[in-house]
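*Asks:* Here it is, the structure, as C-alpha cells.
There are 2 protein chains.
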Amino acid sequence: MAPETGYVVGADIGGTSLRLALAGLDGKVLAKWKVSTAGIRDPRVVVRLIHEGVEELLKENFLSRGLLRAVAAGAPGVTDVDAGVVIATSYLMGWRDVPLRSMLEAALGVPAGIENDVNTAAIAESKIGAAQGMRDFVFLAVGTGIGAGIVLNGRLFHGMNWSAGEIGYLLVPGTSVKPVESGEPGALESIVGGEGIKAQWQSLWDKDRTQLPKDLVATQIFDHALAGDAIAQEVLHKSAQTLAYAIYNMAVVLNCPLFVMGGSVGMHPALWESTQAMLAQRDKRVQPKLLRSILGPDAQVNGAIHLAIETASTRVI
Amino acid sequence: MAPETGYVVGADIGGTSLRLALAGLDGKVLAKWKVSTAGIRDPRVVVRLIHEGVEELLKENFLSRGLLRAVAAGAPGVTDVDAGVVIATSYLMGWRDVPLRSMLEAALGVPAGIENDVNTAAIAESKIGAAQGMRDFVFLAVGTGIGAGIVLNGRLFHGMNWSAGEIGYLLVPGTSVKPVESGEPGALESIVGGEGIKAQWQSLWDKDRTQLPKDLVATQIFDHALAGDAIAQEVLHKSAQTLAYAIYNMAVVLNCPLFVMGGSVGMHPALWESTQAMLAQRDKRVQPKLLRSILGPDAQVNGAIHLAIETASTRVI
Numbered sequence: 159m160a161p162e163t164g165y166v167v168g169a170d171i172g173g174t175s176l177r178l179a180l181a182g183l184d185g186k187v188l189a190k191w192k193v194s195t196a197g198i199r200d201p202r203v204v205v206r207l208i209h210e211g212v213e214e215l216l217k218e219n220f221l222s223r224g225l226l227r228a229v230a231a232g233a234p235g236v237t238d239v240d241a242g243v244v245i246a247t248s249y250l251m252g253w254r255d256v257p258l259r260s261m262l263e264a265a266l267g268v269p270a271g272i273e274n275d276v277n278t279a280a281i282a283e284s285k286i287g288a289a290q291g292m293r294d295f296v297f298l299a300v301g302t303g304i305g306a307g308i309v310l311n312g313r314l315f316h317g318m319n320w321s322a323g324e325i326g327y328l329l330v331p332g333t334s335v336k337p338v339e340s341g342e343p344g345a346l347e348s349i350v351g352g353e354g355i356k357a358q359w360q361s362l363w364d365k366d367r368t369q370l371p372k373d374l375v376a377t378q379i380f381d382h383a384l385a386g387d388a389i390a391q392e393v394l395h396k397s398a399q400t401l402a403y404a405i406y407n408m409a410v411v412l413n414c415p416l417f418v419m420g421g422s423v424g425m426h427p428a429l430w431e432s433t434q435a436m437l438a439q440r441d442k443r444v445q446p447k448l449l450r451s452i453l454g455p456d457a458q459v460n461g462a463i464h465l466a467i468e469t470a471s472t473r474v475i
Numbered sequence: 159m160a161p162e163t164g165y166v167v168g169a170d171i172g173g174t175s176l177r178l179a180l181a182g183l184d185g186k187v188l189a190k191w192k193v194s195t196a197g198i199r200d201p202r203v204v205v206r207l208i209h210e211g212v213e214e215l216l217k218e219n220f221l222s223r224g225l226l227r228a229v230a231a232g233a234p235g236v237t238d239v240d241a242g243v244v245i246a247t248s249y250l251m252g253w254r255d256v257p258l259r260s261m262l263e264a265a266l267g268v269p270a271g272i273e274n275d276v277n278t279a280a281i282a283e284s285k286i287g288a289a290q291g292m293r294d295f296v297f298l299a300v301g302t303g304i305g306a307g308i309v310l311n312g313r314l315f316h317g318m319n320w321s322a323g324e325i326g327y328l329l330v331p332g333t334s335v336k337p338v339e340s341g342e343p344g345a346l347e348s349i350v351g352g353e354g355i356k357a358q359w360q361s362l363w364d365k366d367r368t369q370l371p372k373d374l375v376a377t378q379i380f381d382h383a384l385a386g387d388a389i390a391q392e393v394l395h396k397s398a399q400t401l402a403y404a405i406y407n408m409a410v411v412l413n414c415p416l417f418v419m420g421g422s423v424g425m426h427p428a429l430w431e432s433t434q435a436m437l438a439q440r441d442k443r444v445q446p447k448l449l450r451s452i453l454g455p456d457a458q459v460n461g462a463i464h465l466a467i468e469t470a471s472t473r474v475i
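Shown next as C-alpha cells:
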C-alpha cells in the first residue's frame with residue numbers, strides 16, 4: 159500500500175449536532191454521518207460519538223480500519239491548535255481546557271488535529287468555497303452568536319491566546335458600551351447574533367403593530383422582514399447596520415478586501431443584502447466585497463477534512 | 159574591505175521636518191541630521207534634501223562615499239513596499255504614486271528601501287523600543303492625525319493595498335457615522351488626532367468657563383487638563399474614551415496583547431493615562447497592555463535604519 163492512499167474523517171462539533179464526513183486524501187467527500195448532540199456536554203461522550211461515527215463510516219464504505227490516516231475536528235470555542243486543547247467554549251457546552259486532540263488520538267489510534275469551528279469553516283471557504291485564491295479575507299459565522307475566522311497572508315491568524323476573531327465583543331456606534339461579564343453575550347453579538355436578534359424582536363414586539371407571534375427565531379424574523387413586517391424590518395435594519403459597522407472597521411484595520419458570511423443567520427439573504435447596502439453607503443475608499451458562504455452548513459466539516467489531510471502528512475503519534 | 163563593513167542612512171520624511179541618521183551595520187547611530195520641510199511638497203526636492211543630508215553626514219564623519227551600503231526612508235503615506243512607490247500621502251504633501259525608491263537609488267547610487275513612517279516606527283519599537291520580543295503588537299502614532307503600524311507573527315502586516323492600520327477611519331461609539339469624503343479626516347481621527355482635539359477644544363471653548371485662549375494645540379490642551387481646566391478635561395476624556403474603544407476593538411479582532419503609543423500627541427502622559435484608565439474599565443477578558451513609545455520622535459528614523467540594514471543585505475541595484 160503506497161503511503162499516499164488512505165482516508166480521513168473531518169468532524170464538526172456543534173451544540174445541536176455532530177457532523178462527520180469521510181474523504182479521500184484528495185479531499186473528495188465519500189460519505190457523511192450526523193448525530194444529535196442536544197443535551198450532551200461531556201467531551202468524553204462527544205469523543206465516543208466521533209469514534210462510533212468513524213467506525214460506521216469506514217464499515218459502510220467497506221474500508222479497513224488501517225486505511226484511516228487522520229481525523230480532525232472543529233470545536234465551538236477558543237482552541238489552542240499547537241497544544242491540541244480546547245481552552246474554552248461558550249456556556250452551552252461549558253468546556254474548559256479539554257485535551258481534545260489527545261482524547262481523539264487515544265480513541266482512534268491515528269493523528270488528530272483540532273481547530274476552532276469558525277476557523278475550519280474559513281479553511282473550507284478558502285480551499286473550495288467563496289474565498290478561493292484570496293490571500294486575505296474574513297469568514298463571518300453568524301448563528302446563535304457571532305465569530306470570525308481571519309485569514310491573512312494565506313494563513314489562519316490566531317492571535318496571542320488563540321482568540322483572534324472573537325468579534326462578538328466589538329463596540330460600534332449603536333452598541334452598548336457596558337463592560338461584559340463572563341458568559342454574557344458581547345455588545346455586537348447582542349445585536350447581530352441569533353439570540354440578540356430574537357431579543358430585539360421581543361423587545362420591539364407590539365400586538366398593535368404586528369400580527370406575528372412574539373416567539374420567533376432570527377431567520378423567521380428576517381423572512382417576515384422580507385415579507386413586509388415593519389417591526390421585523392426595524393430589527394433587520396439595526397442588525398445589518400451594526401454588522402456593517404463591524405465589517406467596515408475590520409476592513410479598515412486589516413485593509414481586507416473580502417468578507418464571507420456564513421452560519422444559519424449569516425446565510426439569510428435578507429441580512430446579507432441589507433448589510434451590503436449599508437456598506438455601500440460608506441466612504442468609497444473602504445469597500446470590501448461581501449459574499450455569502452458557498453458551502454453553508456458543510457463549511458465546518460469540509461474545513462476539518464482539509465485539516466485532517468494536512469494532519470495526516472505532518473503529524474506522527 | 160570585508161563585505162560586512164559599511165554604513166547606512168535612515169530617513170524620516172515628515173510634513174514639518176526631514177530627519178536623517180547615519181548608522182553602522184549594527185544599527186548603532188553615529189550622527190543625526192535634520193532640516194525643515196515646511197512648505198516643501200515636491201518629492202524631487204525631498205530626494206535632493208536627503209541626498210544633501212547623506213553627503214553631509216558622510217563628510218562630517220570622514221567616511222568615503224563607497225562605504226554607504228543602503229538608505230531607507232519612512233514616508234508619511236500609503237506605501238507599496240514591494241514596488242517602491244508611495245501611493246498616496248495626506249493632502250498636506252499631496253503625493254500620488256511617487257516612485258520614491260528608484261528616485262533615491264538614482265540620486266544616491268545605493269539600494270534603497272521605503273516604508274510607511276508609522277510602520278518604520280513600529281519596526282524600531284519592535285527592535286529597540288517598547289515592544290521588544292513581542293510577536294504581536296500595534297504601534298499607535300497620534301500626531302495631527304492617527305495611524306497604526308501592525309506587527310503580527312513578528313512581521314509588519316500591510317494588507318491588500320498597503321493600507322492596513324489606517325485607523326483614522328474607525329467607527330466606535332461616540333464617533334460620527336457620516337461617510338467620509340476623500341481628504342477629510344476620518345471619524346476616529348476627528349476626535350483623537352491632534353487637529354480633532356484642537357477642534358473639540360474650540361467648539362467647547364467658552365470664555366465664561368475658562369480663562370485659557372481659544373487657540374491652543376492638542377498637547378497644550380492636555381497640559382491644561384492635567385492642571386485642572388474643566389473644558390480641557392472634557393476634551394481629554396472624550397479623546398481617551400474614543401481611543402480606548404478603538405484599542406479595545408483592535409485587541410478583540412487581533413487578540414493583540416500590546417499597544418504602544420507614539421507621536422507628539424500620543425506621547426502625552428495625560429492621554430496615555432486616561433486611555434489606560436478607560437481600558438481598565440472594560441471586560442477582564444480583553445485587557446491589552448498600553449505602553450508609551452520609548453523612542454519618541456526618534457522611532458521613525460531608527461526604524462528606517464533597520465530597514466536600510468535589511469535592504470543592504472537583500473537588495474541589489
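Going down the list, the protein sequences come from chains A and B. Numbering of the first sequence is given in the working numbering, commencing with residue 159 and proceeding in unit increments. Numbering of the second sequence is given in the working numbering, commencing with residue 159 and proceeding in unit increments. No residue lacks a Cβ here, since even glycine has one placed at the ideal position from N, Cα and C. The model shown is predicted, which means the values in this text are computed figures rather than measured ones.
1. Nearest CA to the CA of residue 363(A): which residue from 341(A), 392(A) and 332(A)?
2. Please report whether the beta-carbon of residue 320(A) lies at a distance below 9 Å from any beta-carbon of chain B.
3. State the DSSP-derived secondary structure class of residue 190(B), mapped to helix, strand or coil.
4. Under 9 Å Cβ-Cβ, which residues of chain B neighbour residue 439(A)?
5. Alpha carbon to alpha carbon, how far is residue 263(B) from residue 247(B)?
6. Starting from residue 477(A), trace the alpha helix (DSSP H) in both directions and tell me its first and last residue.
7. Would you list, in sequence order, the uninterrupted alpha helix (DSSP H) runs of no fewer than 4 residues that lie entirely inside the segment 342-384 of chain A?
8. Suppose the cutoff is 7 Å on Cβ atoms and the five residues either side in sequence are ignored; what does the same chain contact list for residue 398(B) look like?
9. Could you please give the first and the last residue of the uninterrupted beta strand (DSSP E) stretch that includes residue 162(B)?
10. In whole angstroms, give me the CA-to-CA distance for residue 261(B) and residue 473(B).
11. Can you give me, in chain order, the residues of the segment 437-463 of chain B that have a beta carbon less than 8 Å from any beta carbon in chain A?
12. When you compare only the Cα positions, how much space is there between residue 293(B) and residue 297(A)?
13. May I have a chain-ordered list of the beta strand (DSSP E) segments no shorter than 3 residues that lie completely inside the segment 183-253 of chain B?
14. Among 206(B), 258(B) and 289(B), which has the Cα closest to the Cα of residue 237(B)?
15. Does DSSP put residue 286(A) in a helix, in a strand, or in coil?
16. Three or more C-beta pairs under 8 Å: does that hold for the segment 401-416 of chain B against the segment 442-450 of chain B?
17. For the candidate residues 276(A), 253(A), 217(A) and 182(A), whose alpha-carbon lies nearest to that of residue 455(A)?
18. Using a Cβ-Cβ cutoff of 8 Å, what residues of the segment 384-411 of chain B are near chain A? List them in chain order.
19. Check whether chain B comes within 9 Å of residue 291(A), counting only Cβ atoms and requiring the distance to be less than that.
20. How about residue 315(A): is its C-beta nearer than 9 Å to some C-beta of chain B?
21. Please classify residue 396(B): does DSSP put it in a helix, a strand, or coil?
22. Could you spell out where the alpha helix (DSSP H) holding residue 424(A) opens and where it closes?
23. Would the segment 224-242 of chain A and the segment 316-327 of chain A be scored as touching if the rule is three or more Cβ pairs under 8 Å?
24. Taking residue 355(B) and residue 418(B) to be in contact with their CB atoms under 8 Å, please state how far apart those CB atoms are, rounded to whole angstroms.
25. By how many angstroms is the C-alpha of residue 412(A) removed from the C-alpha of residue 188(A)?
26. Whose Cβ in chain B lies nearer than 8 Å to the Cβ of residue 328(A)?
27. Nearest CA to the CA of residue 168(B): which residue from 254(B), 314(B), 203(B) and 269(B)?
28. Starting from residue 271(B), follow its DSSP beta bridges and name the residues at the other end.
29. Do three or more CB pairs link the segment 173-190 of chain A to the segment 459-471 of chain A at distances below 8 Å?
30. As a quick exercise: from 460(B), 313(B) and 346(B), pick the residue whose alpha carbon is nearest that of residue 124(B).
31. Nearest by alpha-carbon distance to residue 314(A): which of 304(A), 361(A), 289(A) and 300(A) is it?
32. Residues of chain A with CB closer than 7 Å to the CB of residue 325(B), please, in chain order.
33. Would you list the residues sitting across from residue 417(B) in a DSSP beta bridge?
34. Going by other Cβ atoms of all chains shown within 10 Å of its Cβ, with 16 needed for buried, is residue 255(B) buried or exposed?
35. Identify the contact partners of residue 222(A) in chain B, using a Cβ-Cβ distance below 7 Å as the criterion.
36. Name the chain A residues that come within less than 7 Å of residue 333(B), Cβ to Cβ?
*Replies:* Per the coordinate set shown:
1. Working through the first sequence from its first residue, we reach residue 363(A) at position 205. Checked all of 341(A), 392(A) and 332(A); the closest Cα to residue 363(A) is 392(A).
2. Position 162 of the first sequence holds residue 320(A). Closer than 9 Å: yes.
3. Counting from 1 along the second sequence, the entry for residue 190(B) is found at position 32. Note: residue 190(B) maps to strand in three-state DSSP.
4. Against the first sequence, residue 439(A) aligns to sequence position 281. 337, listed in chain order.
5. Residue 263(B) sits at position 105 when you count from the first residue of the second sequence. Residue 247(B) sits at position 89 when you count from the first residue of the second sequence. Approximately 21 Å between the Cα atoms of the pair.
6. The question about residue 477(A) has no answer here: the residues shown for chain A are numbered 159 through 475.
7. The segment 342-384 of chain A is shown to contain whole alpha helix (DSSP H) runs of 4 or more residues at 347-350 and 352-362, in chain order.
8. As a position in the second sequence, residue 398(B) is number 240, starting the count at 1. If we look at residue 398(B) and ignore the five residues flanking it on each side, its Cβ neighbours are 429, 432, 433 and 436.
9. For this step, residue 162(B) is matched to residue 4 along the second sequence. Unbroken run through residue 162(B): none, as it is neither H nor E.
10. As a position in the second sequence, residue 261(B) is number 103, starting the count at 1. As a position in the second sequence, residue 473(B) is number 315, starting the count at 1. Residue 261(B) and residue 473(B): Cα-Cα distance of roughly 15 Å.
11. So the list reads 439, 440, 441, 442, 443 and 444, given in the order they occur along the chain.
12. Taking the first residue of the second sequence as 1, we reach residue 293(B) at position 135. Taking the first residue of the first sequence as 1, we reach residue 297(A) at position 139. Approximately 24 Å, taken between the alpha carbons.
13. 187-194, 226-233, 235-238 and 243-247
14. Against the second sequence, residue 237(B) aligns to sequence position 79. That would be 258(B), whose Cα lies nearest to the Cα of residue 237(B).
15. As a working mapping, residue 286(A) is identified with position 128 in the first sequence. Residue 286(A) carries a helical assignment under DSSP once its states are collapsed to helix, strand and coil.
16. yes
17. Your numbering for residue 455(A) matches position 297 in the first sequence. Comparing Cα-Cα distances from residue 455(A) to each of 276(A), 253(A), 217(A) and 182(A), the minimum goes to 276(A).
18. Hits within the stretch, in order: 403, 406, 407, 408, 410 and 411.
19. The count along the first sequence starts at 1 and reaches residue 291(A) at position 133. No, no contact with chain B.
20. For the purposes of this step, residue 315(A) is identified with residue 157 of the first sequence, where counting begins at 1. Closer than 9 Å: yes.
21. As a working note, residue 396(B) is residue 238 in the second sequence. Three-state DSSP puts residue 396(B) in a helix.
22. Counting from 1 along the first sequence, the entry for residue 424(A) is found at position 266. It is not in any alpha helix (DSSP H) - residue 424(A) carries neither H nor E in the DSSP assignment.
23. yes
24. Residue mapping note: residue 355(B) aligns to position 197 of the second sequence, counting from 1. Residue mapping note: residue 418(B) aligns to position 260 of the second sequence, counting from 1. In this structure residue 355(B) is not in contact with residue 418(B), their Cβ atoms being roughly 20 Å apart against a cut-off of 8 Å.
25. Residue 188(A) sits at position 30 when you count from the first residue of the first sequence. Residue 412(A) sits at position 254 when you count from the first residue of the first sequence. Answer to the nearest angstrom: the Cα atoms are 37 Å apart.
26. Position 170 of the first sequence, counted from the first residue, corresponds to residue 328(A). Within chain B, the residues near residue 328(A) are 407, 410 and 411.
27. Within the second sequence, residue 168(B) is the residue found at index 10, counting from 1. Closest by alpha carbon: 269(B).
28. Counting from 1 along the second sequence, the entry for residue 271(B) is found at position 113. Residue 271(B) is bridged to 230(B).
29. yes
30. In the structure as shown, chain B starts at 159 and stops at 475, and residue 124(B) therefore has no counterpart that could be examined.
31. Locating residue 314(A) in the first sequence gives position 156, where the first residue counts as 1. Considering only alpha carbons, the answer is 289(A).
32. Residue 325(B) sits at position 167 when you count from the first residue of the second sequence. Those within 7 Å of residue 325(B) in chain A are 410 and 411.
33. Within the second sequence, the letter at position 259 stands for residue 417(B). DSSP, once it has assigned bridges, lists 296(B) and 448(B) as partnering residue 417(B).
34. Here the question's residue 255(B) lines up with position 97 in the second sequence. Per the 10 Å Cβ criterion, exposed.
35. Within the first sequence, numbered from 1, the residue matching residue 222(A) stands at position 64. None at all; the shortest Cβ gap to chain B is about 41 Å.
36. Sequence index remark: in the second sequence, residue 333(B) carries index 175 (1-based). Ordered by position in chain A, the residues that pass the 7 Å Cβ test against residue 333(B) are 331.
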